[in-house]
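Trainee:
Protein chains: 2
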Amino acid sequence: MEPDASDPASVETRELLLSGSDADVRRVLQTLTPQEVADLLEGLPSEDRERVFPLLDTARQASVLREVETDVARDSLISAVPDEKLADIVEHAASDDAVDLVEDIPEERRDRVIASMEAEERAAVEELQQYPPDTAGGLMQKELLRVRAESTVGEAIDRLREHWDPKMGDLFDIYVVDAEERPLGRVRSRHLVLNPPSRRIREIMLGDVRTVPVTMDQEHIAEIVRDYDLASVAVVDEGGRLVGRILVDDIVDVLDEEATEDFQKAGGTEALDGSYLSVPVSQLVRKRVGWLAVLLVGEMGTLSVMAMYEHELAKATVLAFFLPLIISAGGNSGSQATTLVIRAMALGDVTLGDGFRVARREIAAGLVLGLTLALLGAGRVLLWEEIFHAYGTHAPMLALTVGASLLGIVLWGTLAGSMLPFALRRAGLDPASASAPLVATLVDVTGVVIYFTAALTFLRGSLL
Amino acid sequence: MEPDASDPASVETRELLLSGSDADVRRVLQTLTPQEVADLLEGLPSEDRERVFPLLDTARQASVLREVETDVARDSLISAVPDEKLADIVEHAASDDAVDLVEDIPEERRDRVIASMEAEERAAVEELQQYPPDTAGGLMQKELLRVRAESTVGEAIDRLREHWDPKMGDLFDIYVVDAEERPLGRVRSRHLVLNPPSRRIREIMLGDVRTVPVTMDQEHIAEIVRDYDLASVAVVDEGGRLVGRILVDDIVDVLDEEATEDFQKAGGTEALDGSYLSVPVSQLVRKRVGWLAVLLVGEMGTLSVMAMYEHELAKATVLAFFLPLIISAGGNSGSQATTLVIRAMALGDVTLGDGFRVARREIAAGLVLGLTLALLGAGRVLLWEEIFHAYGTHAPMLALTVGASLLGIVLWGTLAGSMLPFALRRAGLDPASASAPLVATLVDVTGVVIYFTAALTFLRGSLL
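Chains as they are written, first to last, in the working numbering: chain L, 1 to 464; chain B, 1001 to 1464.
1) Leaving out the 5 sequence neighbours to the left and right, which residues in its chain are closer than 8 Å to Ile342 of chain L when beta-carbon positions are compared?
2) Once DSSP output is grouped into helix, strand and coil, what is the label at Thr211 of chain L?
3) May I ask which residues mark the beginning and end of the alpha helix (DSSP H) holding Arg1245 of chain B?
4) Of the residues B:Ala1307, B:Leu1284, B:Thr1414 and B:Phe1321, which one's Cα is nearest the Cα of Glu312 of chain L?
5) Output, in sequence order along the chain, the residues in the stretch 157-170 of chain L whose CB is closer than 8 Å to any CB in chain B.
6) May I ask which residues mark the beginning and end of the beta strand (DSSP E) holding Leu272 of chain L?
7) Counting only the same chain and skipping the five closest in sequence on each side, list residues whose C-beta sits under 6 Å from that of Gly1403 of chain B.
8) Please report the residue range of the beta strand (DSSP E) in which Tyr175 of chain L lies.
9) Closer than 9 Å, CB to CB, is Arg1357 of chain B near chain L or not?
10) On the DSSP bridge list, what partners appear for Thr1152 of chain B?
11) In the DSSP assignment, find the beta strand (DSSP E) that holds Gly1331 of chain B and state where it starts and stops.
12) So, for Ala1005 of chain B: in the same chain, excluding its five sequence neighbours on each side, which residues have a beta-carbon less than 6 Å away from its beta-carbon?
13) Would Gln1465 of chain B count as contacting chain L if we go by Cβ distances under 9 Å?
14) In whole angstroms, give me the CA-to-CA distance for Trp1164 of chain B and Glu1118 of chain B.
15) At the level of alpha carbons, what is the spacing between Asp24 of chain L and Arg1060 of chain B?
16) Let me see if you follow: with CB-CB separation under 9 Å, is Val11 of chain L close to chain B or not?
17) Could you work out which residues of chain B lie near Thr269 of chain L, taking near to mean beta carbons separated by less than 7 Å?
18) Find the nearest neighbour of Asp96 of chain L within the set L:Val72, L:Val113, L:Leu139 and L:Pro54, judged by alpha-carbon distance.
19) State the DSSP-derived secondary structure class of Leu429 of chain L, mapped to helix, strand or coil.
20) Should Val1381 of chain B and Leu1398 of chain B be called a contact, given that it needs their Cβ atoms to be closer than 9 Å?
21) According to a CB-to-CB cut-off of less than 7 Å, which residues of the stretch 1360-1374 of chain B neighbour chain L?
22) Taking Cβ-Cβ distances below 8 Å as the criterion, which residues of the stretch 261-294 of chain L are in contact with chain B?
23) Would you mind reading off the limits of the alpha helix (DSSP H) that contains Pro437 of chain L?
24) Opposite Gln141 of chain L in the DSSP bridges: which residues?
25) Give the DSSP bridge partners of Pro1183 of chain B, in chain order.
26) List, in chain order, every chain D residue whose beta-carbon is nearer than 9 Å to that of Ile89 of chain L.
27) Span of the alpha helix (DSSP H) holding Val471 of chain L?
28) With three or more beta-carbon pairs closer than 8 Å as the criterion, would you say the stretch 42-55 of chain L touches the stretch 14-31 of chain L?
29) Can you pull out the residues from the stretch 26-38 of chain L whose beta carbon lies closer than 7 Å to at least one beta carbon of chain B?
30) In the stretch 41-57 of chain L, which residues sit with their C-beta less than 9 Å from some C-beta in chain B, listed in chain order?
31) Using a 10 Å radius around the Cβ and a threshold of 16 neighbouring Cβ atoms, would you call Ala1423 of chain B buried or exposed?
32) My output table needs one value for Thr135 of chain L: the three-state DSSP class, helix, strand or coil.
33) Taking 9 Å as the threshold (beta carbon to beta carbon), is Asp1349 of chain B in contact with chain L?
34) With DSSP as the reference, please indicate the residues paired to Asp217 of chain L in a beta bridge.
35) Of all the options B:Ile1246, B:Leu1459, B:Gly1348 and B:Ala1364, which has the alpha carbon lying nearest to the alpha carbon of Ser282 of chain L?
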């Protein structure tokens, strides 16, 4: 988020950061969340940004760096911090964030920074770096607490005293594991409060730990977290051993990211690499020009199809008038159908096996929608004839042509739009690529054929 | 989610539910999550559903009822349970879920069920019923733990012992309040474990409680939770007194719901009231027919505009050939721009004040995109002339017409698509209504004008 220029508090804080003493700046920074500090820093000229940042304490520097959104601001902050200090900042972050921070360091410095880190934190980062970023391994953090099922509440309290680390944040679960480190259950600190110290963990643990394999895709994890209302999931390796955990706040980010990607794809662009205002205009162009060009070439199909009807068009110019109306109705109904199906697939409400069920529903819906538009379209022809005598004696047959075309093209658009996501998914492609513009283009080419076929059927011998 | 018919475990469980003894059914139900039980129940014939449901214990009945998605299944389960038992089920749910359950009870039974509830739970439900469902009040639950800042860790532990209730779930925060019930901070059960019983709560509490007013809109709350990575927010009344809390799992549902609504609107349909397969076909039609009809009527503008160029069309039929190509390019580029802006607004990345910045970026992007498509379009004319001698001596000027039209319409589509969400928001409407089809329709009408203006400019005296 941008700092809001219309917010007086934010303007005042900005002034203070620009001109206040170091002590004043430190004091005001204390009162802000990392997100707010990041927003303010992004709004400062780079020399001020680089003067203010070192005034934060190390743990806050780590959180603020995570929240800075534009590459330019992040790069300038990182370049202003020496290697040793950067290693310190990374050590202060939880391991999942530490990996992200390390990725932001320019490659030529990265190895030096990692080499300056403490052994334990370095090992965690190096392990997590091996996982693809959009899998459980790439999302998880290593910091977690384990207790053995045979230990007592008192022993668990001692472990918590000894091993709790601010990086664990508002620790959600203490995992109960067996001798092979496989999760058996979980306890929460309230259990340690509410039970006598001599009680065995096994007797009080909750058995509902949900685990995901380290290789699982983030989209799938998000689905599980959403469906089961979880605050965290445990991550296990191929041997079923507990290796990390993923917290719901990271899943919220995944859900947002996936929804944004799907949304952008459905609008006919590739997904942007960052927020709209943070990416350069060159990226706005690059992510859009591919699909626009493909769609234009696809739409060139209408040129060839229309050339087939050159004779009819020359005879009855009025046919050209209705062309945009008719093909856009196909595109609109296709856009509706594909949008509903893509989103239902993303939510897991519709799976590949539901193809026939969806087709049946869409044919039914398409028939009603098509008939409605057919009546409107034919009504328009008859009404204009009544008022303006626009179409002469051909009006009834022209109304029939327009109506029949609308019925046909809406039915076809609805069916094509709803089935394309299935076809894409079956082909191993992303169903969200069945964008409104792609469906509209496919329907346009066939729409021209439907329209002229109707015209030849109803107008031959009269207008044609 | 539907039970997956291709999953052998699910097929086996279904068989057991249909034909197993009550004891067997009870045993297998124990091993499933509420979501899984709900999915299975929805797949059963109603008499079996109504036989199996009473075999669950009361707390599980409450959770399962929450997860059942189709109205038919939920209604059949509710109708199978007598009033007294239904009151019991509602009492076993946390207050936010209790309100939702009460809303699902048919009106003629609702008062009787509420009257059968215990006084405390009834009061909570009746209070929460007063709030609109999409506000903080409608989302929050009343169950929470409060301690006073002056009390000690030992006293807080006693409160936890006495007042903790399974409905609180994995309790996230114990709120520290002053004498007027205003939140001052929060402690977590780990603090109670890690600190000596004589310590004052004030000395150990975290000061970062985030509060939202009871009237705040759910979309705004979701934004706060997302931006600050919160696990819960405290809800306060107009006097700043703590009245409830909202947990992140409910916010995940809100985020999904809002993303789904925006997605569906952007595809040119009204948001569905439930998941795609759970709503009747009549709703699929009802939610789509309005926009389709509006768009068709809007697109009728092209009829009037094209009639203005009847003379030119009659003289040069070839102009009609390029019409779908050109107006679809405008629709596609408009669809891309509106999609990017709507999503950026939903994420809070773009606010009303960013209008000029977005316009500048989109004009720059539109120029590059338009030039690219212009070259492709003009190239196509020249190439076909070269190969097929399709357009005769008019080819160069026709190429110029097509190219200039594409440049103009892509630039216009991009600008219109990016600005429409701003105009809608400024008018107090939902920017997500600037759907791809709506933008395409607006651009189509003006696109016809742009195209024929270019044709008259470049082809007058030759083809025209």
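Each residue gets a CB set at the ideal place from its N, CA and C atoms; glycine is no exception.
Mentor: The structure says:
1) Cβ neighbours of Ile342 of chain L beyond the five flanking positions: Asp262, Ala266, Pro421, Pro431, Ala432 and Ala434.
2) Thr211 of chain L: strand per DSSP, three-state reduction.
3) Segment Leu1242 to Leu1247 is the beta strand (DSSP E) holding Arg1245 of chain B; no alpha helix (DSSP H) there.
4) Minimum Cα distance to Glu312 of chain L is reached at B:Phe1321.
5) Under the 8 Å Cβ criterion, the stretch 157-170 of chain L contributes Ile157, Leu160, Arg161, Trp164 and Asp170.
6) According to the DSSP assignment, Leu272 of chain L belongs to no beta strand (DSSP E), since it is labelled neither H nor E.
7) Ala1374, Gly1377 and Ala1378, listed in sequence order.
8) Where Tyr175 of chain L is concerned, the enclosing beta strand (DSSP E) stretches over Ile174 to Val177.
9) Taking Cβ atoms only, chain L reaches closer than 9 Å to Arg1357 of chain B, which makes this a yes.
10) Paired residue(s): B:Arg1200.
11) It is not in any beta strand (DSSP E) - Gly1331 of chain B instead sits in the alpha helix (DSSP H) that spans Leu1323 to Ala1346.
12) Low local confidence applies: a pLDDT of 46 at Ala1005 of chain B is under 50, so the model's placement there is unreliable, with the coordinate-based value given in what follows. If we look at Ala1005 of chain B and ignore the five residues flanking it on each side, it has no Cβ neighbours.
13) The question about residue 1465 of chain B has no answer, for chain B in this structure spans 1001 to 1464.
14) Taking the straight line from one Cα to the other gives about 18 Å.
15) The straight-line gap from Cα to Cα measures roughly 55 Å.
16) Not one chain B Cβ lies under 9 Å of Val11 of chain L.
17) Near Thr269 of chain L (Cβ distances below 7 Å), the residues of chain B are Gln1336, Thr1339 and Leu1340.
18) Taking only the C-alpha atoms, the option nearest Asp96 of chain L is L:Leu139.
19) Leu429 of chain L falls in the coil class under three-state DSSP.
20) Yes, the Cβ-Cβ distance between Val1381 of chain B and Leu1398 of chain B is below 9 Å.
21) Closer than 7 Å at the C-beta level to chain L, one finds these residues of the stretch 1360-1374 of chain B: Arg1361, Ala1364, Ala1365, Val1368, Leu1369, Thr1372 and Leu1373.
22) If you check each beta-carbon in the stretch 261-294 of chain L against every beta-carbon of chain B, the ones closer than 8 Å belong to Asp262, Phe263, Gln264, Ala266, Gly267, Gly268, Thr269, Leu272, Ser275, Tyr276, Leu277, Ser278, Val281, Leu284, Val285, Arg288, Val289, Trp291, Leu292 and Ala293.
23) Boundaries of the alpha helix (DSSP H) harbouring Pro437 of chain L: Ala436 to Leu459, taken from the DSSP string.
24) L:Arg245, per the DSSP bridge assignment.
25) B:Val1177.
26) Reference to chain D is not applicable here, since the protein chains of this structure are L and B.
27) One cannot answer for residue 471 of chain L here, as it falls past the ends of chain L, which runs 1 to 464.
28) By the Cβ rule, the stretch 42-55 of chain L counts as touching the stretch 14-31 of chain L, because three or more pairs are nearer than 8 Å.
29) Listed in sequence order: Thr33 and Gln35.
30) Cβ contacts with chain B come from no residue of the stretch 41-57 of chain L.
31) Classification for Ala1423 of chain B: exposed.
32) In the structure shown, Thr135 of chain L adopts extended strand secondary structure according to DSSP, grouped into three states.
33) For Asp1349 of chain B, a Cβ of chain L is located within less than 9 Å of the residue's own Cβ.
34) Partner(s): L:Thr135.
35) Minimum Cα distance to Ser282 of chain L is reached at B:Ala1364.
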